[in-house]
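Chemist: My questions will all concern the structure given below.
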Amino acid sequence: MYSEKVMDHFNNPRNVGEIENPSGVGTVGNVKCGDIMRMYFDIDKQGVIRDVKFKTFGCGAAVATSSMATELVKGKTVQEALTVTNKAVMEALDGLPPVKVHCSLLAEEAIHAALWDYAQKNGIVIQGLEEPVDDIAEKAKDEEY
Ligand code: FES
Numbered sequence: 002m003y004s005e006k007v008m009d010h011f012n013n014p015r016n017v018g019e020i021e022n023p024s025g026v027g028t029v030g031n032v033k034c035g036d037i038m039r040m041y042f043d044i045d046k047q048g049v050i051r052d053v054k055f056k057t058f059g060c061g062a063a064v065a066t067s068s069m070a071t072e073l074v075k076g077k078t079v080q081e082a083l084t085v086t087n088k089a090v091m092e093a094l095d096g097l098p099p100v101k102v103h104c105s106l107l108a109e110e111a112i113h114a115a116l117w118d119y120a121q122k123n124g125i126v127i128q129g130l131e132e133p134v135d136d137i138a139e140k141a142k143d144e145e146y
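According to the numbering used here, the stretch in the sequence shown is residues 2 to 146, in order.
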């Protein structure tokens with residue numbers, strides 16, 4: 002049911018933890034399943050994401066997608082980080098079962114929330130970044146549950 006990569010990132014999640022005084026931090030949840038994901042970014046003066054940590058209180062797919070999402074955004078600029086969509090994360094994991102697609106939306110939205118926080122703190126605009134939602138249940142309603 003799950004790819005080897007999903008199982009690997011679930012069993013050995015990368016970048017778990019917190020960053021003290023992060024450049025940006027974002028928390029999103031899904032009221033339908035009760036899962037919560039928090040993402041911390043350390044961003045340098047050039048706008049490059051130097052370090053990423055996450056904490057996920059959620060299902061295995063949410064843990065695996067947040068782990069992979071941190072790997073994908075690390076080293077990217079804040080602008081490039083927008084290319085790390087839930088689809089990109091799923092592709093990198095060799096797919097997710099249809100009922101678990103919504104879990105990957107948590108990862109995308111947590112990235113957006115952390116970037117939004119960074120942009121707010123620094124008074125900058127990240128082109129293409131929309132204000133994130135606290136609860137992705139609304140956004141995910143078109144996805145298969
Ligand atoms: Fe809630 Fe996976 S079931 S994020």
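Here a beta-carbon is modelled for each residue, glycine too, at the ideal position from N, C-alpha and C.
Assuming Ile50 and Lys75 form a contact by the criterion Cβ under 8 Å, report the distance between their Cβ atoms to the nearest whole angstrom.
Modeler: Their Cβ separation, rounded to whole angstroms, is 6 Å, which keeps Ile50 and Lys75 in contact under 8 Å.
Chemist: Going by DSSP, what residue range makes up the alpha helix (DSSP H) through Met91?
Modeler: Residues Asn87 to Ala93.
Chemist: Just how far apart, CA to CA, sit Ala65 and Ser105?
Modeler: When rounded, the distance between both Cα atoms is 9 Å.
Chemist: For Ala63, which of Val100, Val126, Gln121 and Ile127 has the nearest alpha-carbon?
Modeler: With distances taken between Cα atoms, Ala63 lies closest to Val100.
Chemist: Going by beta-carbon coordinates alone, are Met38 and Ala108 separated by less than 8 Å?
Modeler: Going by C-beta atoms, Met38 is nearer than 8 Å to Ala108.
Chemist: Runs of 4 residues minimum, wholly inside the stretch 33-110: which ones carry the alpha helix (DSSP H) assignment?
Modeler: Correct list: 61-74 and 87-93.
Chemist: Mapping the DSSP letters down to three states, classify Tyr146 as helix, strand or coil.
Modeler: Low confidence applies to Tyr146: its pLDDT is 45, below 50, so where it sits in the model is not reliable, and the reading given next is rough at best. Coil.
Chemist: What residue range does the beta strand (DSSP E) around Glu29 cover?
Modeler: First, the amino acid is wrong: residue 29 is Val here, not Glu. Looking at the DSSP string, the run of the beta strand (DSSP E) that includes Val29 is Gly25 to Asn31.
Chemist: I'd like the list of long-range same chain contacts for Thr57, defined as Cβ closer than 6 Å, with 5 residues on each side in sequence excluded.
Modeler: Closer than 6 Å at the Cβ level, and outside the excluded window around Thr57, lie Met38, Ala63, Val64 and Ser67.
Chemist: If you measure from the CB of Leu12, is any heavy atom of the ligand FES nearer than 7 Å?
Modeler: Looking at the sequence itself, residue 12 is Asn, so the reference to Leu does not match. No - the ligand FES has no heavy atom lying nearer than 7 Å to the Cβ of Asn12.
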